[in-house]
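Chains as they are written, first to last, in our numbering: chain A, 27 to 366; chain B, 27 to 366; chain C, 27 to 366; chain D, 27 to 366.
All C-beta atoms, glycine included, are put in the ideal place defined by N, C-alpha and C.
Keep in mind the model is a prediction, meaning the values are calculated, not measured.
Number of protein chains: 4
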Amino acid sequence: MQAHNLRDFEALAGACMDPAQFAYYAGGSGDEVTLRDNEAAFARRRLRPRVLVDVSTIDTSTTILGQQVAMPVGIAPTAQHGLAHPDGECATARAAAHAGVLYVASTMSTRPVEDIGKAATGPFWFQLYVQDNCGPQTEALIRRAEAAGCSAIALTVDLAVPGRRERELRALLDTSILRPGNFPDGPLAAPPPVTLTWRDIAWLRRTTELPIALKGIMTAEDARLAVEHGVDAIWVSNHGGRQLDRACASLDVLEEVVDAVGGKAEVYLDGGVRRGGDVVTALALGARAVFVGRPILYALACGGEDGVKLALDLMAAELRYVMSLLGTPSISDISRAHVV
Amino acid sequence: MQAHNLRDFEALAGACMDPAQFAYYAGGSGDEVTLRDNEAAFARRRLRPRVLVDVSTIDTSTTILGQQVAMPVGIAPTAQHGLAHPDGECATARAAAHAGVLYVASTMSTRPVEDIGKAATGPFWFQLYVQDNCGPQTEALIRRAEAAGCSAIALTVDLAVPGRRERELRALLDTSILRPGNFPDGPLAAPPPVTLTWRDIAWLRRTTELPIALKGIMTAEDARLAVEHGVDAIWVSNHGGRQLDRACASLDVLEEVVDAVGGKAEVYLDGGVRRGGDVVTALALGARAVFVGRPILYALACGGEDGVKLALDLMAAELRYVMSLLGTPSISDISRAHVV
Amino acid sequence: MQAHNLRDFEALAGACMDPAQFAYYAGGSGDEVTLRDNEAAFARRRLRPRVLVDVSTIDTSTTILGQQVAMPVGIAPTAQHGLAHPDGECATARAAAHAGVLYVASTMSTRPVEDIGKAATGPFWFQLYVQDNCGPQTEALIRRAEAAGCSAIALTVDLAVPGRRERELRALLDTSILRPGNFPDGPLAAPPPVTLTWRDIAWLRRTTELPIALKGIMTAEDARLAVEHGVDAIWVSNHGGRQLDRACASLDVLEEVVDAVGGKAEVYLDGGVRRGGDVVTALALGARAVFVGRPILYALACGGEDGVKLALDLMAAELRYVMSLLGTPSISDISRAHVV
Amino acid sequence: MQAHNLRDFEALAGACMDPAQFAYYAGGSGDEVTLRDNEAAFARRRLRPRVLVDVSTIDTSTTILGQQVAMPVGIAPTAQHGLAHPDGECATARAAAHAGVLYVASTMSTRPVEDIGKAATGPFWFQLYVQDNCGPQTEALIRRAEAAGCSAIALTVDLAVPGRRERELRALLDTSILRPGNFPDGPLAAPPPVTLTWRDIAWLRRTTELPIALKGIMTAEDARLAVEHGVDAIWVSNHGGRQLDRACASLDVLEEVVDAVGGKAEVYLDGGVRRGGDVVTALALGARAVFVGRPILYALACGGEDGVKLALDLMAAELRYVMSLLGTPSISDISRAHVV
C-alpha cells in the first residue's frame, strides 16, 4: 500500500472495495455539492507563514474537553467499519489509541460499544443516535457507552431523516449487509428517524454526567441555543455532505459559530479535512479540534489497523511539517492572523 | 425507467426522443448563457440548516392565489406536450391533479384547452399568448379557458418576438410537426409576434375576472409597474433561457422583484428549478411558488402520465426531506435566514 | 455555408483557410489572455430586459460622427483581406455598403485605398498607421484617403512596436505573402514601428480637416488627454488582444473611458463583439458604436462578399431581436439600467 | 530547440530529462496549490497601457542594491543544476553574465561556489542555507562566498524543515544523485533542518559586511521585523510552492510587504514569473526586481549555457516589448497605475 497523504487512501480503497460498499462510504446527498464544497472551502483559504520563529520543538498536543490528545485531529464517528475490515471499529480504536488521538465510536458501528471500549485504550467518545425519543432504549445505550469507558457523548442533531444518497441508490447497495453491532436483536440499516428538539438536550443533560457535544450545528443561532442549553462542545458538521445537500461547507460557517459561542464551549469541525494545512486553517479560525471521517474508513479498508495507523502517522507528520513552516511551534500559537 | 431526481429525466428523454424534438425542448437562445445560468444561480447559493426543531410533521402545502396546493411547486406552461407523448397535456394535467399541484396549460398546447380542462381535476391555470393585440381572438381564447375551468390567467410578457434557438436550427427541426390544438384551423408553430404594452394589461384586467399573473418580469421597475396595474401575481421568468440570452438568471433577480413588490402581489419563479433545495432557496428569497418546465416534458417523454407522476413524487419527497433537514416543518417557516 | 451567428464563421474559416494564414487572423499576443478576455468580459455581464414596451417598430439606426448608419456596428480595420478572398477589402466594402454600416479600411489593406474607396459606396473611414513620424509619406497617405472618399481618420495609437503573436510563429507564417496594396513599391509585412506622441496628434489635427478618432485608448487618463487634444472620437481597443497581452478587456475599461470623456467625444469599442447582446451591452455602458474584426475576415474567407453580407445580416437580425426583447425600440432607449 | 517564451522550456525539458529528475525540479509540496497559484496570481492581474508616450528608447536597466543590471529580472537560486547539464551552475552563471543579469547561486549547487564565482563575470550573489546554527561551518561558507566574489548574501528563511514534495516521492527520485558541490566530503541531498530565529539575523549582520537579503518573507509582520533587523532587502517568496502548500501566492502578498517596508529596504519577488508582463506587474506593485527559477533550469536542461542565454534573451525582448506597449520607456516609469 503506497499512500503519501490522506487523499491517496480514497483511490486505493476504491480499487479494493466492493463498488456499492465504496459508494456507501464515499457518496453524499443530492448533487453532492456540499460533499465537494467541504474540501473546496479549505482550498479557497490561504496561509500566512511566519519565519524565523524558533520551531526546533514542535508540540502538536492539546486537550479536548480536558483530555490530553497527541494532536487536535480525531476520528469522526462513521458507521459500519465492518464493511472495510473484519476487525471493524476495534481496529480503528486500536490505531487511534496507538496514535494518541480521540476516537469517536458511532452508534451504528459494526461492533458493539463494549468491544470497541476494550480496544480503545486511548481517548474514546460515543456518538449517540437517539433511538426512541429519549426513552429507555436510548438511556440503556448511554449506560452501555458509559460502562464501556467513553468519556463524552457526541449527540448527532442533523439526522431528522435518513440521508438520501443517490450514489448508493445507483450502486444498488444491499442494505441488509449493514449490521449495527449495538443492536444484535434485529437488522437496522440506518438510525431510526427520530425528531429531536432542544427539550431532548435537557433530557440528555440530566441523563448522563458525561460531557456533551452537539454534532451537526451549522449556524450561529443554533450555536447560541446550544450554549444556553449547557452543552460542553459544539461540533460544526454537515454530516460529510450526506444529509442536506447545498448546506454550507463546514469551514465556511466555522467563524460565525465560534463568534456566537464566545468561548463558552469548545468548537470542533469535520468535513473536508485531508491535510495538515486544513487542520491549522480550522484551528486558526477558532476550532479546538477537527475530525476526519472517510479517509479513516478508506485506510481501514486498505490495511486494517495498520492502514489507520499509517493514515494517522501521515497526518501527524504533515501537521508537524505545516506547524514548522507556519512558525507555530505549539497549538496555542496558531491564530487568526495565520490564515486569509 | 430509473430516475432518482428530476435531472435524471433529461438524459433519459435525450435517449428516447427524436433528436430534433429533444433539441426543441432542451435548447435556449444565443449561446445558452442564461439557460445554464438559471441552474448555476441555485448552485451558487447555500442553505443554513437549523437543528433540533420539531419536524415530526412536515407540511409542504400552501396556497397560490388562495387556492390550496400540495406543494409550492407547479408545472410551468410549456408548448407541445404532444411531442413527448400522444396524450400530451392531458397526461400532464392528470399527473398534476394526482399530485395536488398547480398545472399551467400553455396556449401552444398540443391539446385544446377544453380537453386539458377535463383532465385537470386539480388546480389549473391558463397561460395566455395574445393573438391579435387584445382583439376578439384573444378574448375568445380567454372565454374558452374560463369555460374549461382555469382559475387564473398567466399572461406571458417576454415574447415580443419568437425566440431564436440555434440548437433547433442546427437540429433542422421540422416545425410543421408543431400543431397547437387550440387553433385547429391552421398550423401555427409559434405564438404570433404581438407587441404588448401596459395598456394591454388594463384591457386584460377588464376582460376577465380571473386573477392575472404576469409571466416574464425580470426587473424591479417592471414589478412596480405590474403592481400599479393591479395584477395579482408577478412571475419571475426568462422563459427558461429561450428568449433573451444573457438575461440574468431568474433566481438572481428574485430579491429585487420581491423587494419592489412589497407584498402587494404574489411572486413566483421559474428557471432552473430541479431540486427540493432549489424550491426552499427561492421561497427563502421571497417566492410564493416555483414552477418546473423542462423536467416535466422529459418525464412525460419517458413515461407519459406515470413519468410525470414520478417526477412530481420525487420532487415532493425531496422537498419534505429538505424541509426536515432545514428545520422548517411548514412552508411559512422558510425565511431569508435559511439561505446565504 | 451554414452560419447561424458570427461565432460560427470562425470554425468555418478554420476549416477552409491555410492554417498559417488562419493563425495570422486568429492569434493574439503572449498567452492570449486578453484575446480570450475580450469575449469573456461580455459573458460576465447580464442584461435586464424590460417588458410591455412598444417594440412594434425597432430602429437600429444611429449616427457616427454625424453620419447615418443602419446600425451601431461597424467593420473594424483589419489587415490583409486578400488572404481571405481575392477581392479583398473591395468585397468587404461592398458588403458594408449593402448593409449600411461603417467600414474602416486599414492602412495595411491588400488593396489600395483608391480601389476600396470606389467599392465603398456607404460610410467609409481610413485607419492610419503613421509611416515616417508624421512626415510627407504619412501626409501623402492621408491625402490619398481623403481623395478616395473616406469621411474620418482612425489613427491607431497602440502599435509602438509590432505585435508578437506566437501562434503565427508556431504556424511558421510566411510573411512575404503579406502585401499591403497601399505601398506597391515594396513589401511591407507590418506597419513600421513609429513612436507617436501627443505632439503628433496636434500635427494630424492640422494636417487634415477630417474628423479624427484615436484607436487604442484603454485608460481614463489617455481619454482625458485625447479630449484635450481635440479629437472627435475615442476608440477603446486593445487591438483584438494582438498587442499587449494581459491588457484589460475592452469592455472592462469602457465605463472609465466614457466617464472621463464626459460627452466631449464619441466613444467606440472593439474587441470580443460577437452577438447582438454584446452590442447593447457596450451601448448601455456608454459606447456610441462597436466594431467587429475577426468574424468579418472569417466570413470573407468563407464566402467573399456574400459571406460578409451574411455576417452583417445575422448581426442586424440579432440586434433587432435583442432590442425587441430588451424593450429598447431605438438605440437611444438603451441605457445603463439595462445591464448589470 | 524551439522556444518562443519561458513557458516553452518546461515542455521541452519534460521531454528530454529523466522523469524523476524533472519531477525534482517541477514539483511543489502538498497538493501543489501554491505552485499553481503563483502563476495564476499574475494571470488574475490586468495591465493598463498608456499610449502616445515616447518609447523610441526603451531602457530596461536598473540597479539592485546599487549594482547595475541589464534588467530587473535575476536568476533565483535553485539547487542541483548538474541534473540539467554537466556544466551545471557555471553554465548558468556564464549565461547570466552574458545577459547582464543577477545570478544568485544556491548553497546546494552541484558546483562549488569557487567555480561558480569564476564563471560569474556579472552580478553574482550567494544564497545561504545555514549549516550549523550560525556556527563555524556557516561562517566558513560565507567566507568562501565572499572570496568567490559574490556581492550579497540571500539568506533563505523558509526552510525550517525540508520540503515534502510528493511528486518526487511518487517518481521514486534517487536522492543519492543530489551532490552539493560545496560539501565534497559527504553526500547531503537537502539542506540540514536548522531552526533560524531573528537572533541569527543579528549574527549574520555581524559576520559579513555584504548586504543581506532575507528570502522567504510572506507577511507584513515579518517584513517589518526584517527592516528592524537592518537587512538590506526583503525577498518575497514561498520557495516556488515547494515548502508550505496553500501559502499565499507571492504576488498576492507583495503589496502588503511593500507597504510594511515603506521604502526602508528593497523588495524582490520570485514565484510564477514567466512573462514580461509578469515583470512589469510585480514592479508596478512595488518590487525592485523579480527572480526566475524553474524556467532557467529547464532552459539549461534543453541547451546548456545557450539554452539559458536564449531564455534570458526571450525575457529581455518581452520586457522591452511590454514596456513599449505599456508606455513606460524606463523602469522608473512603471507605477501602481499601470496595473489593476
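Checklist entry - Considering aspartate 296 of chain D, what are the terminal residues of the beta strand (DSSP E) in which it resides? => result 292-296
Item to check | Residues near histidine 124 of chain A in its chain [Cβ-Cβ closer than 7 Å; skip 5 each side] | outcome: Lys335
Item to check | Nearest neighbour of threonine 86 of chain C, chosen from C:Ser361, C:Gly353 and C:Met349 [CA to CA] | outcome: C:Met349
Checklist entry - List, in order along the chain, the chain D residues whose C-beta lies closer than 8 Å to that of cysteine 160 of chain C? => result Result: empty, since nearest Cβ-Cβ is about 12 Å, beyond 8 Å.
Item to check | Collapsed DSSP secondary structure at alanine 249 of chain C in the structure displayed | outcome: The answer is helix: DSSP assigns alanine 249 of chain C an H, G or I state.
Checklist entry - Are the region 54-63 of chain A and the region 330-347 of chain A in contact at 8 Å, needing three or more beta carbon pairs? => result No: fewer than three Cβ pairs fall under 8 Å.
Checklist entry - Relative to the alpha-carbon of cysteine 116 of chain A, which residue among A:Gly100, A:Arg169, A:Gly242 and A:Thr147 has its alpha-carbon at the smallest distance? => result A:Thr147
Item to check | Terminal residues of the beta strand (DSSP E) in which threonine 223 of chain A lies | outcome: Note, threonine 223 of chain A: premise wrong, no beta strand (DSSP E); not H, not E.
Checklist entry - Which same chain residues, not among the five before or five after cysteine 176 of chain A, have their C-beta less than 6 Å away from its C-beta? => result Phe150, Trp151 and Phe152
Item to check | Within-8 Å CB hit, aspartate 296 of chain A to chain B | outcome: no
Next on the checklist: With H, G and I counted as helix, E and B as strand and the rest as coil, what does DSSP make of leucine 352 of chain A?
Outcome noted: helix
Item to check | Contacts of arginine 190 of chain B in chain C (Cβ-Cβ under 7 Å) | outcome: By Cβ distance, chain C contributes Tyr347.
Checklist entry - What in chain A is Cβ-close to threonine 245 of chain D, meaning under 7 Å? => result Here the neighbours are Arg74 and Arg76.
Item to check | Same chain only: Cβ atoms within 8 Å of aspartate 200 of chain D, ignoring 5 sequence neighbours per side | outcome: Around aspartate 200 of chain D, the same chain offers Ala46 as residues with beta carbons nearer than 8 Å, after the five sequence neighbours per side are excluded.
Checklist entry - Since alanine 69 of chain B meets chain A, which of its residues come closer than 7 Å, beta carbon to beta carbon? => result Val59
Item to check | Proximity to threonine 83 of chain D [Cα-Cα], best of C:Arg74, C:Ala37, C:Val220 and C:Val81 | outcome: C:Val220
Checklist entry - Do valine 305 of chain B and valine 279 of chain B have their C-beta atoms closer together than 8 Å? => result no
Item to check | Reduced DSSP category for phenylalanine 209 of chain D - H, G, I as helix; E, B as strand; rest coil | outcome: coil
Checklist entry - Looking at the structure shown, is tyrosine 155 of chain A part of a helix, part of a strand, or coil, going by DSSP? => result coil
Checklist entry - Which residues of chain B have a Cβ atom closer than 8 Å to the Cβ of threonine 223 of chain A, listed in chain order? => result Leu78, Val79 and Asp80
Item to check | Spatially closest choice to leucine 78 of chain C from C:Thr354, C:Gly126 and C:Asp44, by CA coordinates | outcome: The residue among C:Thr354, C:Gly126 and C:Asp44 with its C-alpha nearest the C-alpha of leucine 78 of chain C is C:Thr354.
Item to check | Near-chain C residues of the region 254-286 of chain B (beta-carbon distance less than 7 Å), N- to C-terminal order | outcome: Gln269, Leu270, Asp271, Arg272, Ala273 and Cys274
Item to check | Nearest neighbour of leucine 128 of chain A, chosen from A:Cys160, A:Gln157 and A:Gln94 [CA to CA] | outcome: A:Gln94
Checklist entry - Going by Cα to Cα distance, which pick from D:Phe48, D:Gly298, D:Asn31 and D:Arg232 is closest to glycine 56 of chain C? => result D:Asn31
Checklist entry - Out of B:Leu195, B:Ala52 and B:Gln28, which has the shortest C-alpha to C-alpha gap to threonine 104 of chain B? => result B:Ala52
Checklist entry - chain C beta carbons: is any one of them nearer than 8 Å to that of isoleucine 227 of chain B? => result yes
Next on the checklist: Could you check whether threonine 88 of chain D and proline 75 of chain D sit closer than 8 Å to each other, using their CB atoms as the reference points?
Outcome noted: no
Checklist entry - Taking just the CA atoms, how far does glycine 126 of chain B sit from glycine 288 of chain A? => result 47 Å
Checklist entry - At a CB-CB cut-off below 7 Å, which residues of chain B make contact with alanine 197 of chain A? => result Neighbours of alanine 197 of chain A on chain B: none; closest Cβ ~11 Å, over 7 Å.
Item to check | Those runs of the alpha helix (DSSP H) which lie wholly inside the region 119-181 of chain C and span at least 4 residues | outcome: Look at the region 119-181 of chain C and you find these whole runs of alpha helix (DSSP H), each 4 residues long or longer: 139-145 and 162-174.
Checklist entry - Are there 16 or more other CB atoms within 10 angstroms of the CB of glutamate 235 of chain A, so buried, or fewer, so exposed? => result Burial call: exposed.
Checklist entry - When you check each C-beta in the region 296-316 of chain D against every C-beta of chain C, which residues fall closer than 7 Å? => result Arg301 and Gly303
Item to check | valine 366 of chain B: contacting residues in chain A (beta-carbon distance under 7 Å) | outcome: Neighbours of valine 366 of chain B on chain A, chain order: Cys274.
Item to check | Identity of the residues DSSP links to glutamine 94 of chain D by a beta bridge | outcome: Under DSSP, the beta-bridge partners assigned to glutamine 94 of chain D are D:Thr89.
Item to check | Beta-carbon separation (whole angstroms), cysteine 160 of chain A vs tryptophan 224 of chain A, contact threshold 8 Å | outcome: At roughly 12 Å, the Cβ-Cβ gap does not stay under 8 Å, so cysteine 160 of chain A and tryptophan 224 of chain A are not in contact.
Checklist entry - DSSP on isoleucine 101 of chain A, reduced to helix/strand/coil? => result strand
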